[in-house]
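S.K.: Take a look at this one; I'll ask things after.
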Amino acid sequence: MPQVELQRDENSSPIRFAEFVALIASLMAVGALGIDTMLPAFPQFQRDLHATPGDLPLIIVMFSTGFGIAQLVHGPLADRFGRRPVLIGALAWYVVMNLLCAVAGSLELLLLARVFAGLGIAATRVVTIALIRDCYSGRAMARVSSLAVMTFMIFPIIAPSIGEIILKFGSWRLIFNMVAIVSAGIAAWFILRMPETLAPENRVPLEWNRLVGNWRFTLADRQSVGYAAAVIGLQGALFGYITSIQPIVSTVFHRPEELGLVFALCAGLMMCGNLLNSRIVMWLGMRRISHAAMLVLILAASASLAIEHLGYENLWLFVAMQAVTMMCFGLAASNCSAMAMANMGAIAGTASSLQGFVVTTGGAVIGGLIGRSFNGTTTPLHIGFLTAGIVALALAAIVERGRLFRPT
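Take the working numbering: the final residue in the sequence shown is number 1459, and no numbers are missing along the way.
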């Protein structure tokens, strides 16, 4: 049976609210920097490491696969030893693996180091969710998550541009060195400012039977399984976008110099979606917002697909429609993730690790398939978002037994 959750008199964090949100966002961002800053360097990877265009998505997919698998380990460790030691050790490992990526002389070594980097930084996904769940619950948790994701989205917005700037002064190897330095700085911030949030009496022993029992508890909860599964599809579409956007901008629209701006505009609307969610979730509730966002996502993806097939699509119309899709993704994914964790407070680390494993691994596989399906058009990406929206809304309907858009 899960352990009794630490009782709190109110929703609060051990450090100032603004700093807590900023720190959580920064911890999320170190993993994102390991993905988004790489996008402008794809041509250099292909040239220097003798990779084919089909190999390039693997630089992201292998990282994401390691990121997903390792969460199964980090969650139980965070519930047993506490949030601080697990996260500090993982950040140190991530720094080392990025330095190894920087000196890789072959695609094989780079991909291997990317897998191990993902294995380490996966702790940030598990521990940040556990930290938020330790300090907040219910709609307050959704609000904090939205604000953290909104702040975190600043990094993906500027990351491709950062990558482009770095490439003006050096090669792709300098990007990995930059990620290592930034990660070390965020680790120092966490060490100096964030105390342990898991009380000693709430720590869960590392026992196989208990771990399996906690997994069963997570998988037996209708809300946990249903909304985590919905996020898998949404995450897969997002990974598909990340792996496809560089060849789409370069090959379909012949505007490679606009990659940073395109990425910033789309990510900016996702950030706006999370800001909007933080303002209205306490009023409207997570279900109304996420279900409506899924419906609008379906409509936007359908419209994008129709525009493309009718021959009216250009770069800026693509960006406008994709930005709407991204905003809906931000509204849907943040609330679905919070609802998936709603009943998991007693085993927040283990539950977030299991959910994170299936979401990230499943999303990476789906995103990789979308990326490798690139055929010189935007069709695979639009179909990916349309399918993700339909599946997510169907799963929400199953979880809610057909009663969508409820206020609670």
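All residues carry an ideal CB built from backbone N, CA and C; glycine is no exception.
Determine, using beta-carbon pairs with one atom in the region 1444-1452 and one in the region 1292-1309, whether at least three such pairs fall under 8 angstroms.
M.R.: Contact between the region 1444-1452 and the region 1292-1309 is absent, because fewer than three Cβ pairs lie under 8 angstroms.
S.K.: If we ignore side chains and look at the alpha-carbon of each, how far apart do ARG992 and ILE1110 end up?
M.R.: Residue 992 is absent from the structure shown; the chain starts at 1052 and stops at 1459.
S.K.: Measure the CB-CB distance between MET1089 and GLY1214 and report whether it falls below 8 angstroms.
M.R.: yes
S.K.: Less than 8 angstroms separating the beta-carbons of SER1355 and MET1372?
M.R.: Yes, the pair counts as a contact, with Cβ atoms nearer than the cut-off.
S.K.: Which term fits SER1063, buried or exposed, when burial requires 16 or more other beta carbons within 10 angstroms of its beta carbon?
M.R.: exposed
S.K.: Are there three or more Cβ pairs, one per stretch, closer than 8 angstroms when the region 1117-1127 is compared with the region 1403-1412?
M.R.: yes
S.K.: Mark SER1157 as exposed unless 16 or more other C-beta atoms lie within 10 angstroms of its C-beta, in which case mark it buried.
M.R.: SER1157 comes out exposed.
S.K.: By how many angstroms is the C-alpha of VAL1347 removed from the C-alpha of LEU1335?
M.R.: 17 angstroms
S.K.: How many whole angstroms separate the CB atoms of ALA1383 and ALA1344, which I take to be in contact at a CB cut-off of 8 angstroms?
M.R.: ALA1383 to ALA1344, Cβ: 4 angstroms. Contact.
S.K.: If you reduce the DSSP assignment to three classes, tell me which class SER1064 lands in.
M.R.: coil
S.K.: Please classify THR1103: is it buried, with 16 or more other beta-carbons within 10 angstroms of its beta-carbon, or exposed?
M.R.: exposed
S.K.: So ILE1226 and ILE1217 are supposed to be a Cβ contact under 8 angstroms. How far apart are they, rounded?
M.R.: 5 angstroms
S.K.: Taking the alpha-carbon positions, what's the ASN1265 to VAL1300 distance?
M.R.: When only Cα atoms are considered, ASN1265 and VAL1300 end up about 45 angstroms apart.
S.K.: Could you work out which residue in LEU1249, SER1424, ILE1417 is closest to PHE1132 when comparing CA atoms only?
M.R.: LEU1249
S.K.: Taking just the CA atoms, how far does GLY1324 sit from ALA1092?
M.R.: 29 angstroms
S.K.: According to DSSP, is ASP1099 part of a helix, a strand, or is it coil?
M.R.: helix
S.K.: Once you ignore the five residues that flank GLU1061 on each side, which residues in its own chain have a CB closer than 7 angstroms to its CB?
M.R.: Since pLDDT at GLU1061 reaches only 47, below the 50 mark, its modelled position is unreliable, and the value read off the structure follows with that caveat. If we look at GLU1061 and ignore the five residues flanking it on each side, it has no Cβ neighbours.
S.K.: Would you check if the region 1302-1319 and the region 1432-1448 touch, i.e. whether three or more CB-CB distances between them fall below 8 angstroms?
M.R.: Three or more Cβ pairs closer than 8 angstroms define a contact, and the region 1432-1448 falls short of that threshold against the region 1302-1319.
S.K.: By how many angstroms is the C-alpha of PHE1220 removed from the C-alpha of VAL1276?
M.R.: 47 angstroms
S.K.: With DSSP collapsed to three states, give me the class of SER1424.
M.R.: coil
S.K.: For THR1412, which three-state DSSP category applies?
M.R.: helix
S.K.: Tell me which same chain residues have a C-beta within less than 8 angstroms of the C-beta of THR1428, skipping the five on either side of it?
M.R.: Within the same chain, THR1428 has close Cβ partners VAL1303, GLU1359.
S.K.: Spatial neighbours of CYS1317 within its chain, please: CB distance less than 6 angstroms, with the 5 preceding and 5 following residues excluded, ordered by chain position.
M.R.: GLN1373, ALA1374, MET1377
S.K.: Considering only their Cβ atoms, is the gap separating ALA1174 from VAL1233 smaller than 8 angstroms?
M.R.: Cβ atoms of VAL1233 and ALA1174: not closer than 8 angstroms.
S.K.: For the alpha helix (DSSP H) containing HIS1360, name the first residue and the last one.
M.R.: It spans 1337-1361 - the alpha helix (DSSP H) in which HIS1360 sits, taken as one unbroken run.
S.K.: Report the three-state DSSP secondary structure of VAL1263 (helix, strand or coil).
M.R.: helix
S.K.: Starting from the C-beta of ALA1351, find all residues in its chain whose C-beta is less than 7 angstroms away, skip the five residues before and the five after it, and write them out in chain order.
M.R.: MET1372, VAL1375, THR1376, CYS1379
S.K.: Measure the C-alpha to C-alpha separation of ALA1281 and ILE1441 and round it to an integer number of angstroms.
M.R.: 10 angstroms
S.K.: May I ask you to report which of helix, strand or coil DSSP gives PHE1290?
M.R.: helix
S.K.: How many Å lie between LEU1107 and GLN1097 at the Cα?
M.R.: Their backbone Cα atoms lie some 7 angstroms apart in a straight line.
S.K.: Compute the Euclidean distance between the alpha carbons of LEU1312 and MET1337, then round it to the nearest angstrom.
M.R.: 31 angstroms
S.K.: In terms of residue numbering, what span does the alpha helix (DSSP H) encompassing ILE1183 cover?
M.R.: 1158-1186
S.K.: Take ALA1080 as the anchor and find which of ALA1164, VAL1230, LEU1161, LEU1368 has the nearest alpha-carbon.
M.R.: Selected option, being the one with the closest Cα: VAL1230.
S.K.: If the criterion is Cβ atoms closer than 8 angstroms, does the pair MET1113 and ARG1165 meet it?
M.R.: yes
S.K.: Alpha carbons only, please: which of SER1385, ALA1141, PHE1268 is nearest the one belonging to HIS1342?
M.R.: SER1385
S.K.: May I ask you to report which of helix, strand or coil DSSP gives GLY1105?
M.R.: coil
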